[in-house]
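Here the sequence shown is numbered in full-length UniProt numbering, starting from 1 and rising by one per residue. For glycine and all other residues, C-beta sits at the position ideal for the given N, C-alpha and C. In this text, all values refer to a predicted model and were calculated from it rather than measured experimentally. As structure tokens, the structure follows; a few thoughts come after it.
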Amino acid sequence: MARIDLVDLAHSYSPALQAANIYALKPMTMTWRQGGAYALLGPSGCGKTTLLNIISGLVVPTQGKVMFDGTDVTRLPTEKRNIAQVFQFPVIYDTMSVRQNLAFPLKNRGVPAAEIEARVKEIADLLDLGAELDRRARGLGADAKQKISLGRGLVRADVAAVLFDEPLTVIDPALKWELRSKLKALHRKLDITMIYVTHDQTEALTFADTVVVMHDGGIVQAGRPDELFERPEHTFVGHFIGSPGMNILKADVAGRSAHVGGVAVPLGRGYGALPSGAKIEIGIRPEYARLTGGEGIAVKVERIDDLGRIRFAKVRLGEARLSVVAPPGVALDGDAARIVFDPAQIHVYADSRRVAGEA
Ligand SMILES: Nc1ncnc2c1ncn2[C@@H]1O[C@H](COP(=O)(O)OP(=O)(O)OP(=O)(O)O)[C@@H](O)[C@H]1O
């Protein structure tokens, strides 16, 4: 168990790339607290695996330090870092039984037999592998094999951290939900620092208590799932989290109102001088904008998507397109309609970063 500090860390994969100022990871400083459940979330190519490999020791960063509980481990090889890793595909011994597979990391470190037995049983029960303990791994399906991999990653109580790299990729969709909940329960019980890499927001939001969102080699926000939803610090977070994502609209902002395509939109906070020359946008989640029976801003409805529990309308406001809630009972007369926003839920962004505003 450890607290992990990344201090002024950055990485470029070669001197030539560095000379061209191309960094897979841009300079960052952050702390992963002991016992935290983190998800590292972002689209393909944003630098998640690079960051995970720097923490595990597979990659030495171009710049900066990795500290485990205050000790500099930047140049320490993986096997000396006392971490466990779970990859996309099962890493197990086919010829061994499930029990032997789970016991292996403990046996390797000379843990007493009675302790091994108890720990293997505990982990097997938590992962619903209790009935398979004496079966040979070879005969099991992909799901069960990956469960063994997860178990091998979690079986040691003394690890600094467990790193998961898209661990549920091979798991049947119906089982994914269950395994995610199990991992969360295991985290609560075991009090181990866990870092879970994924590009899937549902996986990240259901597993983690802190979601670290990466974009283009940098961390754009680290926060609780509700913070990412309610107060995205970067337009990328607004757009990437949520389904549909946040509406981001070009605007002119002065005081407590924004102008979007010539239409005035009242804001819940006041904005003094915004950085001159910056790109100014407002962001509003579809859940906080809705079609009305009469009042509000005139828009053109392009389509309605019925998601069962909720309906979203895609509407056009001048040049901008946005998603808004279409409440039950709101009758549409042709494609012309009106929408209202909840002013308290509108955020203002300057060059993609949220501006706090005054109450
Ligand atoms: N060995 C390498 N040499 C040069 N560039 C690399 C190398 N590995 C990764 N990159 C580049 O670094 C950037 C970050 O890649 P990385 O694999 O960390 O992203 P990722 O978010 O994990 O993506 P994915 O989900 O596709 O694995 C990308 O632009 C990638 O092309």
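Assuming contact is defined by CB atoms lying nearer than 7 Å, are residue i and residue j in contact in what I supplied?
{"i": "S44", "j": "I83", "result": "no"}
{"i": "D8", "j": "T31", "result": "no"}
{"i": "L274", "j": "A350", "result": "yes"}
{"i": "F240", "j": "I284", "result": "no"}
{"i": "F164", "j": "V86", "result": "yes"}
{"i": "M194", "j": "A37", "result": "yes"}
{"i": "L267", "j": "P343", "result": "yes"}
{"i": "I148", "j": "I219", "result": "no"}
{"i": "I171", "j": "Q201", "result": "no"}
{"i": "A137", "j": "N108", "result": "no"}
{"i": "V98", "j": "R135", "result": "yes"}
{"i": "P286", "j": "V324", "result": "yes"}
{"i": "K314", "j": "E295", "result": "no"}
{"i": "A222", "j": "T235", "result": "no"}
{"i": "I116", "j": "G151", "result": "no"}
{"i": "A2", "j": "F68", "result": "yes"}
In whole angstroms, give me the CA-to-CA distance for residue i and residue j.
{"i": "G261", "j": "T198", "result": "37 Å"}
{"i": "L106", "j": "G153", "result": "11 Å"}
{"i": "F312", "j": "P327", "result": "8 Å"}
{"i": "P244", "j": "R290", "result": "14 Å"}
{"i": "L4", "j": "G35", "result": "What sits at residue 4 in the sequence shown is Ile, not Leu. For I4 and G35, the distance between alpha carbons rounds to 10 Å."}
{"i": "P167", "j": "G42", "result": "15 Å"}
{"i": "G217", "j": "W177", "result": "29 Å"}
{"i": "K121", "j": "G130", "result": "7 Å"}
{"i": "R231", "j": "H347", "result": "8 Å"}
{"i": "G318", "j": "V299", "result": "8 Å"}
{"i": "G308", "j": "L332", "result": "19 Å"}
{"i": "H11", "j": "A336", "result": "51 Å"}
{"i": "R256", "j": "G270", "result": "4 Å"}
{"i": "A251", "j": "S14", "result": "41 Å"}
{"i": "R75", "j": "L51", "result": "15 Å"}
{"i": "P173", "j": "V253", "result": "45 Å"}
{"i": "G139", "j": "Q88", "result": "20 Å"}
{"i": "G47", "j": "A24", "result": "6 Å"}
{"i": "N21", "j": "L183", "result": "39 Å"}
{"i": "R188", "j": "V59", "result": "30 Å"}
Go ahead and pull the three-state DSSP assignment for residue i.
{"i": "N108", "result": "coil"}
{"i": "V260", "result": "strand"}
{"i": "P27", "result": "strand"}
{"i": "T62", "result": "coil"}
{"i": "F207", "result": "helix"}
{"i": "S323", "result": "strand"}
{"i": "V98", "result": "helix"}
{"i": "residue 418", "result": "Since the first and last residues shown for the chain are 1 and 359, residue 418 lies out of range."}
{"i": "T200", "result": "First, the amino acid is wrong: residue 200 is Asp here, not Thr. D200 falls in the coil class under three-state DSSP."}
{"i": "L274", "result": "coil"}
{"i": "L52", "result": "helix"}
{"i": "Q146", "result": "helix"}
{"i": "F229", "result": "helix"}
{"i": "G57", "result": "coil"}
{"i": "D125", "result": "helix"}
{"i": "G218", "result": "strand"}
By DSSP's criteria, residue i is part of a beta bridge. Which residues make up the other side?
{"i": "P266", "result": "S257"}
{"i": "H347", "result": "G283"}
{"i": "S243", "result": "Answer is none; S243 lacks a bridge partner."}
{"i": "S44", "result": "Beta-bridge pairing links S44 to no other residue."}
{"i": "I171", "result": "Partner(s): none; I171 has no beta bridge."}
{"i": "M194", "result": "A37 and V162"}
{"i": "T292", "result": "R338"}
{"i": "R353", "result": "H234 and A350"}
{"i": "T223", "result": "In the sequence as displayed, the identity of residue 223 is Gly instead of Thr. Looking at the DSSP assignment, G223 forms a beta bridge with V211."}
{"i": "E117", "result": "DSSP, once it has assigned bridges, lists no residue as partnering E117."}
{"i": "K182", "result": "Partner(s): none; K182 has no beta bridge."}
{"i": "F87", "result": "Paired residues: none, contrary to the question."}
{"i": "V315", "result": "V301 and L322"}
{"i": "L6", "result": "M30 and V66"}
{"i": "D252", "result": "H259"}
{"i": "R136", "result": "S97"}
{"i": "E79", "result": "DSSP output for E79 lists no bridge partner at all."}
{"i": "H187", "result": "Beta-bridge pairing links H187 to no other residue."}
Is any heavy atom in ligand 2 found nearer than 6 Å to the beta carbon of residue i?
{"i": "V348", "result": "Questions concerning ligand 2 fall outside what the structure shown contains, since the ligands it does hold are ligand 1."}
**OP:** Name all residues in chain order for which at least one heavy atom of ligand 1 lies closer than 5 Å to the residue's CB.
**Re:** That gives Y13, A24, S44, G45, C46, G47, K48, T49 and T50.
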